[in-house]
Amino acid sequence: MRYDNPDPDSFNPLVWSIVRQIPAGQVSTYGQIASMIPPPDGIEPPDFDRLGPRWVGDAMNAVSRIDDPTIPWHRVINAKGGISLPPGSKSAVLQRQRLEDEGVLFGKGETVDLNTVGWEGPDASWLRYHGFNPPRPLRKPPEAGGQLPLF
DNA sequence: CGTTTGACTACGC
DNA sequence: CGCGTAGCCAAAC
């Protein structure tokens, strides 16, 4: 809603189709979802990097209005691993409850460990078929040989 | 009809 | 690692 999404009616369904792919027990982020969607006509990629995540948030907000039970909106959180809904709100409590029911644990700072429960993204073939881009990884790339330095 | 209010994120202290 | 800032619009109040 902020930063005028020129066409939410086209954009939102793209977001929802991706969100439906997130498996139980895992989470995605607004930014990661946006990273899979090609910039709409007329939106330059640098601008979309900035606007996309917000529009994804708007799309999630729209779910609460249409109440579509096929969209696991609770599996979309912010880049910090936290819930972006107003703390204590009915929706925020429900979101955390649903995630915990799926085995997603919240640690210090009311956040989840994206490196553990962060989604790797849809199948490559699914992405290609739907014309989406590969997702930005949420998990840190496996260190080739860094963790045990010397010796 | 003016104000308020956002389901964000990268980046710099 | 927590906190503040920029970006900069439309709907809901």
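In the working numbering, the protein residues as written are 6 to 156. The beta-carbon is built from N, C-alpha and C at its ideal position, and this holds for glycine as well. In this text, all values refer to a predicted model and were calculated from it rather than measured experimentally.
Whole-number beta carbon distance between residue j and residue i, since they are thought to touch under 8 Å
i    : j    : result
F16  : P45  : 7 Å
R80  : V32  : 5 Å
Q26  : L143 : At roughly 14 Å, the Cβ-Cβ gap does not stay under 8 Å, so Q26 and L143 are not in contact.
W60  : V24  : W60 to V24, Cβ: 13 Å. No contact.
E107 : G30  : 5 Å
Among the options, the one whose alpha carbon lies nearest that of residue i
i    : options                   : result
W131 : T34, M41, G30 and D14     : M41
G62  : P43, G47 and A84          : A84
E125 : K145, G108, Y134 and T75  : K145
V160 : A129, E105, D128 and R133 : Residue 160 lies beyond the stretch modelled for the chain, which goes from 6 to 156, so this question has no answer here.
N120 : S94, A129 and V109        : V109
Residue burial classification, residue i (beta-carbon count within 10 angstroms, cutoff 16)
i    : result
T34  : buried
G86  : buried
P147 : exposed
G112 : exposed
L99  : exposed
P92  : exposed
A64  : buried
A67  : buried
A129 : exposed
I71  : exposed
Backbone secondary structure at residue i - three-state DSSP
i    : result
G123 : strand
G87  : strand
S94  : coil
I38  : helix
Residue span of the alpha helix (DSSP H) that contains residue i, given as start and end
i    : result
A64  : P50 to I71
I23  : P13 to V24
A129 : A129 to H135
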